[in-house]
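In what follows, a single structure is set out as structure tokens and then discussed.
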Amino acid sequence: MNYHTGISRRAFLAGSATAGALVVMHPFAVQAAAGQAHLRIMETTDLHVAVFPYDYYADAPNDTLGLARTAAIIDAIRAEAGNSILVDNGDVIQGNPMGDYIAYEKGLAEEPHPIIAAMNTLGYEVGTLGNHEFNYGLDFLDAALKGATFPIISANLVRGELGADPLSDTTYIEPYRIVEKEIVGGDGAKHTIKLGFIGFLPPQIMTWDA
1 MNYHTGISRR AFLAGSATAG ALVVMHPFAV QAAAGQAHLR IMETTDLHVA
51 VFPYDYYADA PNDTLGLART AAIIDAIRAE AGNSILVDNG DVIQGNPMGD
101 YIAYEKGLAE EPHPIIAAMN TLGYEVGTLG NHEFNYGLDF LDAALKGATF
151 PIISANLVRG ELGADPLSDT TYIEPYRIVE KEIVGGDGAK HTIKLGFIGF
201 LPPQIMTWDA
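Numbering (the working numbering), first residue to last: 1 to 210.
Written as structure tokens, this is what we have:
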């Protein structure tokens, strides 16, 4: 079986450009009026290490899979919308044989996790954790998170014992993030807005990955 683990910006964007020819945009984009501004929020979820258009179970290319293909759609929406933000809802570092190979064989000492590197390249602004982030243990999760150039948040994952009240808890990672973003209104004026993001994990991870 061939394991494609390394990722470069050139290779990743080359793959997304090929898929870009297949993107079909909405027939029209609603334009903001003067004194208004629109913001397109894009969200991915359950990426499960699907970076390239490759089926690791079949050991064969598959152009219906992969974040490289999705990247073309993201770029097209950004161009159409003007104002946009890209976030992720978790379950990214586990989910196919490449993920297992990185966790159990290759490790993360030499380079960031490939899915995290791809997300960095695409300019994600916030991410959160999913239950599958814990499948390989906390040490591997910590190493994967260090490679991210964007904040990854979760409000109900606590280090050690719970505090006397929620405000006393020491969260494992940043619980939330307020992002300042410049957007352009319908009249061309620029405005800075604040967007709040918060993430939560299913409590069942204490059973699933205890």
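Using N, Cα and C, we set each Cβ at its ideal position, and we do this for glycine too.
Contact check, residue i vs residue j, beta carbons under 9 Å
i, j, result
"I152", "E174", "yes"
"I115", "L47", "yes"
"E182", "G147", "no"
"H191", "A144", "no"
Sequence-distant residues of its chain with Cβ nearer than 7 Å to residue i (five each side left out)
i, result
"V126", "V87, F150, P151, I153, R177, V179 and F197"
"D55", "N62 and L65"
Below-9 Å beta-carbon distance, residue i vs any chain C residue
i, result
"Y101", "Reference to chain C is not applicable here, since this structure consists of a single protein chain."
Contact set for residue i: own chain, Cβ-Cβ below 6 Å, skip 5 residues either direction
i, result
"F134", "I205 and D209"
"V219", "This structure does not reach residue 219, given that the chain is present from 1 up to 210, and the question cannot be answered."
"A81", "R40"
Cβ-based neighbour list, residue i, same chain, cut-off 8 Å, excluding 5 preceding and 5 following
i, result
"G160", "T170"
Start-to-end residues for the beta strand (DSSP E) that takes in residue i
i, result
"T44", "R40 to T44"
"F52", "From DSSP, F52 is part of no beta strand (DSSP E); its letter is neither H nor E."
Rounded Cβ spacing between residue i and residue j (contact assumed at less than 8 Å)
i, j, result
"L129", "L157", "7 Å"
"G185", "G35", "7 Å"
"A103", "Y136", "4 Å"
"P202", "N131", "5 Å"
Enclosing alpha helix (DSSP H) for residue i [first to last residue]
i, result
"G99", "P97 to Y101"
ask   = With contact counted as at least three CB pairs below 8 Å, one residue from each stretch, are the segment 36-47 and the segment 71-88 in contact?
value = The segment 36-47 makes contact with the segment 71-88; the number of CB pairs closer than 8 Å reaches 3 or more.
ask   = Using 8 Å as the Cβ pair cut-off and three pairs as the minimum, do the segment 108-123 and the segment 89-98 touch?
value = These segments touch.
task = Assess, as a yes-or-no matter, whether the segment 136-147 is touched by the segment 101-108 under the definition of 3 or more beta carbon pairs within less than 8 Å.
result = Yes: the two stretches touch, three or more of their Cβ pairs being nearer than 8 Å.
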